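Visitor: Quick one: this structure, given as structure tokens, is what I'll be asking you about.
Given below as structure tokens:
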């Protein structure tokens, strides 16, 4: 079972992906992680990727798809992947369809966290990270208090890219590029849309229920196939 998790910036997909990994013993794969890992190898490709990123340009679909291909051909990850934020466009989605098929795997479900623009802006603009303990708070939804944070307010920092104009542009880009991908997976009856405005626990429970129902169905399918 491989899973794709979608959601705009601030939707909480990273948190939900981590929960799936922990509970179902999956591996989380994101394009950012793949690119950073290749850069850390100091390989020819890694140095090329680093140069592209440092210039503010986007890494090509071909490069990203090849990195994903390496993951799918690795038996360690066989049918146990959560794709976090990949594919990012329709071309990548179609390539992924072919890659999983070529490697005798499948995408079992696509989970889309639906969050409106105003909520995304509030979540990201309200995000505060403690430079001492690393905990993340939100001044609107989960503020730092004496009972949940002993480091004090002086250590709370805001990320440099958490600016409204940047957030709005990222949300616009996500909406434009992701809509065709969701339609692509909806046509394959793989898409599950989830209310991403609910609290984290409720979202996790809904995702857990979807995965467990699919896992039980797949077990029965292969048992009687």
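In our numbering, the protein residues as written are 1 to 225. Built from N, CA and C at the ideal position, the CB exists for glycine as well. If you're wondering where the values come from, they're calculated on a predicted model, not measured in any experiment.
1) Following the continuous alpha helix (DSSP H) through residue 150, name the residue where it begins and the one where it ends.
2) From which residue to which residue does the alpha helix (DSSP H) around residue 28 run?
3) Report the CB separation of residue 207 from residue 194 in whole angstroms; it is logged as a contact under 8 Å.
4) If we count Cβ pairs, one from each stretch, closer than 8 Å, do we get three or more for the region 90–105 versus the region 174–188?
5) Quick check: the Cα distance between residue 155 and residue 115, rounded to an integer number of angstroms?
6) Just the C-alpha distance for residue 221 and residue 76, rounded to the nearest angstrom, thanks.
7) What residues match up with residue 193 in a beta bridge as DSSP calls it?
8) On the criterion of 16 or more Cβ atoms from any shown chain inside 10 Å, does residue 173 qualify as buried, or is it exposed?
9) To the nearest angstrom, report how far apart residue 14 and residue 37 are at their CA atoms.
10) What is the residue span of the alpha helix (DSSP H) that residue 294 lies within?
11) Exposed or buried, which one is residue 137 when buried takes at least 16 other CB atoms within 10 Å?
12) Do three or more CB pairs link the region 102–112 to the region 126–133 at distances below 8 Å?
13) So, helix, strand or coil for residue 13, using DSSP?
14) Between residue 113 and residue 7, what straight-line distance do the alpha-carbon atoms span, to the nearest angstrom?
15) Determine whether the beta carbon atoms of residue 191 and residue 164 lie at a separation below 8 Å.
16) Assign residue 180 to buried or exposed, taking buried as 16 or more other Cβ atoms, counted over all protein chains shown, within 10 Å of its Cβ.
17) Note down the Cα distance separating residue 225 from residue 67, rounded to an integer number of angstroms.
18) Just to confirm, are residue 1 and residue 65 a CB contact at a threshold of 8 Å?
19) Which ranges would you report for the beta strand (DSSP E) in the region 76–142 if only whole runs of at least 3 residues count?
20) Does at least one heavy atom of the ligand ATP sit under 7 Å from the Cβ of residue 68?
21) Just tell me which of 70, 110, 52 and 20 has its CA closest to the CA of residue 189.
Guide: The answer reads as follows:
1) As a first step, residue 150 must be located in the chain shown, where it is residue number 150. Following the DSSP letters along the chain, one finds residue 150 in no alpha helix (DSSP H), marked with neither H nor E.
2) By one-based count along the chain shown, residue 28 stands at place 28. Unbroken run through residue 28 is the beta strand (DSSP E), 27–29; no alpha helix (DSSP H).
3) Within the chain shown, numbered from 1, the residue matching residue 207 stands at position 207. Within the chain shown, numbered from 1, the residue matching residue 194 stands at position 194. The beta carbons of residue 207 and residue 194 sit about 7 Å from each other, so the pair counts as a contact at 8 Å.
4) Taking 8 Å as the limit for Cβ pairs, the verdict is that the region 174–188 does touch the region 90–105.
5) Reading the chain shown from its first residue, position 155 is the one you call residue 155. Reading the chain shown from its first residue, position 115 is the one you call residue 115. Computed Cα separation, rounded: 29 Å.
6) On the chain shown, residue 221 is found 221 positions in, with the first residue counted as 1. On the chain shown, residue 76 is found 76 positions in, with the first residue counted as 1. The pLDDT assigned to residue 221 is 42, lower than 50, so where the model puts this residue is not dependable, and the model offers no usable value.
7) Locating residue 193 in the chain shown gives position 193, where the first residue counts as 1. Beta-bridge pairing by DSSP links residue 193 to 112.
8) In the chain shown, the residue the question calls residue 173 occupies position 173. By the neighbour-count criterion, in which a residue is buried when 16 or more other Cβ atoms sit within 10 angstroms of its Cβ, residue 173 is exposed.
9) As a position in the chain shown, residue 14 is number 14, starting the count at 1. As a position in the chain shown, residue 37 is number 37, starting the count at 1. If you take the alpha carbons of residue 14 and residue 37, they lie about 18 Å apart.
10) Absent from the structure is residue 294, since the part of the chain shown begins at 1 and ends at 225.
11) Within the chain shown, residue 137 is the residue found at index 137, counting from 1. Under this definition residue 137 is a buried residue.
12) Contact between the region 102–112 and the region 126–133 is absent, because fewer than three Cβ pairs lie under 8 Å.
13) The residue you call residue 13 lines up with position 13 of the chain shown. Three-state result, residue 13: helix.
14) What you label residue 113 is simply residue 113 of the chain shown in a count that begins at 1. What you label residue 7 is simply residue 7 of the chain shown in a count that begins at 1. Near 5 Å, if we compare the C-alpha coordinates of residue 7 and residue 113.
15) To locate residue 191, count along the chain shown from 1; it is residue 191. To locate residue 164, count along the chain shown from 1; it is residue 164. Against a cut-off of 8 Å, the Cβ pair of residue 164 and residue 191 comes out as no contact.
16) Taking the first residue of the chain shown as 1, we reach residue 180 at position 180. That one is exposed.
17) Numbered from its first residue, the chain shown carries residue 225 at position 225. Numbered from its first residue, the chain shown carries residue 67 at position 67. With a pLDDT of 43 at residue 225, under the threshold of 50, the modelled position of this residue cannot be trusted, and the question is left open.
18) Here residue 1 refers to the residue found at position 1 of the chain shown. Here residue 65 refers to the residue found at position 65 of the chain shown. In this structure, the beta-carbon distance from residue 1 to residue 65 does not fall below 8 Å.
19) Entirely contained in the region 76–142, the beta strand (DSSP E) runs reaching 3 residues are, in chain order, 81–84, 107–114, 127–130 and 136–138.
20) With respect to small molecules bound, the structure shown includes none, and the ligand ATP cannot be examined in it.
21) Counted from its first residue, the chain shown places residue 189 at position 189. Closest in C-alpha terms to residue 189, from the list 70, 110, 52 and 20, comes 110.
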